[in-house]
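Q: Chains as they are written, first to last, in numbering that gives the first Met the number 0: chain A, 0 to 569; chain B, 0 to 319; chain C, 0 to 275.
Glycine included, C-beta positions come from ideal geometry on N, C-alpha and C.
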Amino acid sequence: MGSVHPEFAVSDGAVNAEERKLQGSSVLRIKGGKVYDPANNINGEIRDICISDGGIVADVEGGRTIDATGMIVFPGGVDVHTHVAGAALNFARAMIPEDHRRSAPFVRTERHRGGIGGSTPTTYVTGYLYAGMGWTTVNEAAVPILSARHTHEELRDTPIVDKSCCVLMANNEILLDLLEAGEIERARHVAAWQIWAAKAYGVKAVNPGGVAAWKWGKDAKGLFEPVPGYNKVTPAKIIAALAGIVDDLGLPHPLHLHCNNLGAPGNYTTTLETMKVLEGNRAHLAHLQYHAYGGDDWFTMRSQSVAIAEHFNANPNLTTDAGAVLFGNTVTITADGPWQHLLYKLTGRKWGNLDVENETGCGIVPYVYKEKNLVNAVQWAVGLELLLLINDPWRVYLTTDHPNGAAFWRYPEIIQLLMDLDFRREQLKALAPKALKRIVLPELDRQYTLSEIAIITSAGPARALGLPQKGHLGVGADADVAIFNDTKDIARMFSYPRYVIKSGEVVIEEGEIRKTVEGRDFVVRPTYDEKVEDYIRPLFQQYYTMSFDNYPVEMERLERPDLRPCKSGV
Amino acid sequence: MGGKVTCTLGEVKNRADLIVYWGGNPAECHPRHFTKYTLTQKGKFVPKGRKDRTMVLVDIRETPSAKAADIFLQVRPSKDFEVLSILRALIKGQRVNVEAVAETGLTLEQLQDFADRMKKARFGVLFFGMGLSMTRGKHMNSAALLSLAAELNAFTKFVAMPMRGHGNVTGGDVIMRWTTGYPFGVNLSRGYPRFNPGEFSTVDLLLRGDNDAALILGADPGATMPQPAIDHLARIPTITLDPKVTHTSRLSRVHITTAATGISAPGTVYRMDEIPLPLRPALKSPYPTDEEVVRRIYQAVAKKPAWVPSIPNLPFQTAQ
Amino acid sequence: MTTLTLKESPNVPLEAECLSPDVIAPLRRDEIAALPVFLGKRQHRLEDFFTVEGDGGDELEIHGDVGRVKWIGRGMTRGKITLRGNAGMHLGAYMKGGSIEVRGNAGDWVGAEMKGGLIRIVGDAGGQIGAAYRGSLAGMNGGTILVEGSAGIEIGMRMRRGVIAIKGPVRDFAGLQMKGGTLFLLGGAELRTGAWMIRGTIVSGKPIPLLPTFAYDCTYQPAFLRLYTRYLHTLGLSLPCPPGDGGYRRYSGDAAVPGKGELLVCPTQAPTSEQE
């Protein structure tokens, strides 16, 4: 871009340019805290954590010491599935001025910008809110290639946290046409080219075939039925092909899949079938809560978390995130266009829809989850049930599919529900009484330990994302650390860490933002045959409406890009 | 109100068989719209191009765009809201008052035919311009059209899109939203963003004289706004940044000539469908870019005592 | 009782949400003088703009043209504010109780999203009386607003409950997206009254232009209006169509939504100008 004078760059949100010069050079010792580092088998041991040059080291001399006696020390949180940047989220911002108005405002200070929190925080506030909870890495889960430039610009304006993004592919018409023609090899090269064009980190599949069908006002509900407009391509084929492509390309993160039939009563069968289709491949199933319903219609809708968890437990190739729901106001944003039109017809609320040529789309409906609403009560229970029934905390992660289930800054409420059985039982009393017969949550008395919380909020998602330097506090890890008070009020504890350290800098201290550092944008460059551009170019000119040369995102758009390796050579 | 059903322009190119232009004159104001995006293109699912498409033009007078239209509906000035209300009722099979229909300048038959065509379309699109959004009713006219588009989705696939004015209006809207949460009319004087069209929108502030300074960039209110607003700009310290000396420049205290964006200054422009496109300047300019000038002003302001707003301790802590 | 007198009109709007009996009642004079007000981006003390007399209490009197002072009476739940002069925007917004009287004109957004209490404007008012702020699902949900002069656009937008009565004429979109409550337009209205109405009652004191999506039902004298006649009489207003005179022409709409609102229009004696 050329014309930006470096000393005036304000992309990190810091008002004082000189503070940035101090990045990465702090020496820090966190002394005497109770450390939870499950990746390194440390479970509440009292030990020091030493930091230098942005990373964890074995020992330090001098520098600052934080006395963490009596406090809990965690690796920084890693959000594997959230919607915080890009066209869809920005569209939602326009639709809910009333939510912005009633959210607590962020008033500017000398250290941070002003902004709005609520269901769709402004970009600067997104960074402050995540860091404010001790979360330091976020994965933007849904990016169209056509507006990836926009996503990276918003990520650039999201301070403190490190970021990655997953590019949408399961309704990409160039790819679907190749699958129809049986040209899997070429599809792999095209997909690899597209990932690099979007400067993405992973591949996202949303309602495979369904979003393409929505462009004619239809959906794709049968996993093995041809997608409208195609004869051979079925959602199952798209899923299998993409999972195979992702593994062949050796991407650090497996195929990130939002299954067909999201939200529909009885959809658990689709989810089980999808898991079978995925056998033999790695895959990450997004917001599993929305895909675990039984019943035939809205009146008989019930939880099928038991069946889902059982099958999931037996398939170690899969990871998932909860997509849990909390009661209250929020806004639903998803690439699942047909689902959002249905929600609009059911609720009469405002409806936003944006179809992106040849690629994908998004639908937006503000929504409120209520305890006394039978369906919402079941949804609330299912998210918790999955977290409690899935045995291996290394494979299930804490999310709310922000903002769909609830705003991300409410994660501490879920932690409390998982750790405190009495509190959970108390909340059950507020539900619509009929709901109790539709769920299994009352029978579950498992309580999460602190170590398990550290796994589902940090160590596990870091591993699933393929980021070995995240999610742990061993030597060589990035110095992303959260230090909490050890208190019985779990929600408060996790909402207000005493200190948060990002890349070795103390960014939050005693509830105040001390410093806003710049995060990194993780990218991969899978290998592909350069000649595939000759294939894509004429198709692009024919079906798109912009110049092919403007399509790929320039590397300069990314803030501190960090190129991560792919595993294999293909 | 609020909410909108839309798509990117390629969807229109590839699928649309019914295209409606309402209150706009693309032949003159968006010269390549027909040929690049909507009418003459052969789309993926519209292989015969123009032959597979029907264009309806709704306007108060016959502009050059009418030559490209299959159907021209000449609506009486300031009656668009009524026409849109009638259409919303007709598509739902509701009754309308026949005499009131006549006042719109159109007949019930014309409107019923229009409603039927929209319902039977395979993929319809409503493009709306300032002829709709700036006449009596203003934002309500746009809201009426957007509601119609949303409701048509009960029958078929239908979208709506605004025909944006010149400059990077869409880009400004997009970036304001991600940094402040609101598209325009944002007040930051209490230290966080607040939004209220009519209270904080530019023309209203100027008409009431609610501001005591102005920085104008990429716009020429001295040419387009009502006289009382222009008089206020002339009274207060006004700073203009523009490649040319504009009407606004002539009443400003300071005019700074800047490089023309897209020609000599790089950046990103957001197309009317919010697709971001990189600008690659073709020429060099002796003048600084808008960005350079704003950064230098900002640096000078940063040297002054810091402004740290506070939230007062009151039962309702903020004004809105 | 506290009395404030404006010293000098602010050159840009002054935001003074502290001017509410809830805030002022328990305070002493010097504490009231120190209350924060905002002139653009600068925080000031109330006494920078007003002379302050009295010591708290439930009554507040404001003298001077405070047409540029916004948010007076914001969220109040009790007490009484009297303005002897014009009032700025957002007067009595989010109010829950108590009363406000303005012996002058008022700006836009009077009683926006109000839940209870009484506001009376002796002069003219602006637009969006008792309305919902942008994006909110509903506006006024209770209380009474009276305007003896004229008013602007979007009066009662998305109101759900409560009574608004305007003596003078109003402009476009009165009762826009109304969800309930009662809106009296005693001086008539310009265009698009009741647009997108869902429920609620609009009573017009004279024939008004109607949207094509409103249908004539009948002419009658609704019984419930007798209750309102008495209520409004206690507040100094009288309804146009006396009983025993044929009555109001009732229209239902808005078919565009479709809604079940009602528009009661008082026909004039003149033979022309009726919609059927």
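1. How about A/P104 and B/Y191: do their beta carbons lie closer than 8 Å?
2. Please classify A/H188: does DSSP put it in a helix, a strand, or coil?
3. Between the C-alpha atoms of B/T62 and C/I118, what's the straight-line distance to the nearest angstrom?
4. Look at the Cβ atom of C/L82, then the Cβ atom of B/S84, and state whether they are nearer than 8 Å.
5. In its own chain, which residues sit with a C-beta less than 8 Å from the C-beta of B/L250, not counting the 5 before and 5 after it?
6. Grab me the residues of B/T37's own chain with a C-beta within less than 6 Å of its C-beta, minus the 5 sequence neighbours each way, in chain order.
7. Taking a cut of 8 Å between CB atoms, which residues from the stretch 168 to 193 of chain C lie near chain B?
8. At least one CB of chain A closer than 8 Å to the CB of B/L187: is that the case?
9. State the CB to CB distance for the pair A/Y26 and A/V59, rounded to an integer number of angstroms; the pair is presumed to be in contact (CB under 8 Å).
10. Buried or exposed, going by whether 16 or more other CB atoms sit within 10 Å of the CB of B/V307?
11. Please confirm whether B/I85 has its beta-carbon closer than 8 Å to some beta-carbon of chain C.
12. Output needed for C/E52: all residues of its chain with C-beta closer than 6 Å, excluding positions within five of it in sequence on either side, in chain order.
13. Which one of B/Y269, B/P277, B/A153 and B/I255 has the shortest CA to CA distance from B/R295?
14. Which one of A/V245, A/V83 and A/A306 has the shortest CA to CA distance from A/P158?
15. Got a sec: which bits of the stretch 107 to 129 of chain C sit with their beta carbon under 9 Å from any beta carbon on chain A, in order along the chain?
16. What does the alpha-carbon distance come out to for the pair B/N140 and B/D79?
17. Can you tell me where the beta strand (DSSP E) with C/L3 in it begins and where it stops?
18. Please identify, using Cβ separations under 7 Å, the residues of the stretch 189 to 211 of chain B that lie next to chain A, in order along the chain.
19. Along the chain, where does the alpha helix (DSSP H) that runs through A/K236 open and close?
20. Between C/G245 and C/G252, which are expected to be in contact by the criterion C-beta below 8 Å, what is the C-beta distance as a whole number of angstroms?
21. What does a CB cutoff of less than 7 Å around A/I332 pick up in its chain, not counting 5 residues either side in sequence?
22. Closer than 9 Å by beta-carbon distance: list the chain A residues that pair up with C/R133, in chain order.
23. Using the beta-carbon count (16 or more within 10 Å), is C/P270 buried or exposed?
24. Is B/K119 helix, strand or coil when you go by DSSP?
25. Any C-beta of chain B sitting closer than 8 Å to the C-beta of A/R155?
26. State yes or no: is the beta carbon of B/Y286 nearer than 8 Å to at least one beta carbon in chain A?
27. Under 8 Å: do the stretch 311 to 324 of chain A and the stretch 545 to 557 of chain A share three or more Cβ pairs, one atom per stretch?
28. I need the straight-line Cα distance from C/A222 to C/L236, nearest angstrom please.
29. Reducing DSSP to helix, strand and coil, say where A/V522 ends up.
30. Do you know how far the Cα of C/R41 is from the Cα of B/S188?
31. Tell me which residue opens and which closes the alpha helix (DSSP H) that B/Q73 is part of.
32. In or out: B/N312 buried (at least 16 other Cβ within 10 Å) or exposed?
33. Quick one: give me the first and last residue of the alpha helix (DSSP H) that A/Q541 is part of.
34. Quick one: Cα of A/G262 to Cα of A/G208, how far?
35. Between B/K41, B/A258 and B/P225, which has its C-alpha nearest B/R247's C-alpha?
36. Counting only Cβ-Cβ distances shorter than 7 Å, please list the residues of the stretch 82 to 108 of chain B near chain C, keeping chain order.
A: Once the coordinates are examined:
1. yes
2. helix
3. 50 Å
4. no
5. G221, I229, L232, A233 and T237
6. V11 and I18
7. D171, F172, L175, Q176, L190 and R191
8. yes
9. The displayed chain sequence assigns Val, not Tyr, to residue 26 of chain A. Indeed they touch by this definition, with Cβ atoms about 5 Å apart.
10. exposed
11. yes
12. T2
13. B/I255
14. A/V83
15. none
16. 7 Å
17. T1 to L5
18. G190, Y191, P192 and F194
19. P234 to L248
20. Wrong, their Cβ atoms sit about 22 Å apart, outside the cutoff.
21. H82, A87, L88, A91, C361, I363, P402 and N403
22. P96, E97 and R100
23. At C/P270, the pLDDT of 32 sits below 50, so the modelled position is not reliable; the number obtained from the coordinates is stated separately. Exposed, because fewer than 16 other Cβ atoms sit within 10 Å of the Cβ of C/P270.
24. helix
25. no
26. no
27. no
28. 18 Å
29. strand
30. 8 Å
31. Run containing B/Q73: none in the alpha helix (DSSP H); it sits in the beta strand (DSSP E), I70 to Q73.
32. exposed
33. V531 to Y542
34. 16 Å
35. Residue identity check: residue 247 of chain B is Thr in the sequence provided, not Arg. Among B/K41, B/A258 and B/P225, the Cα nearest to that of B/T247 is on B/P225.
36. S84, I85, R87, A88, K91, Q93, R94, V95, N96, A99 and V100
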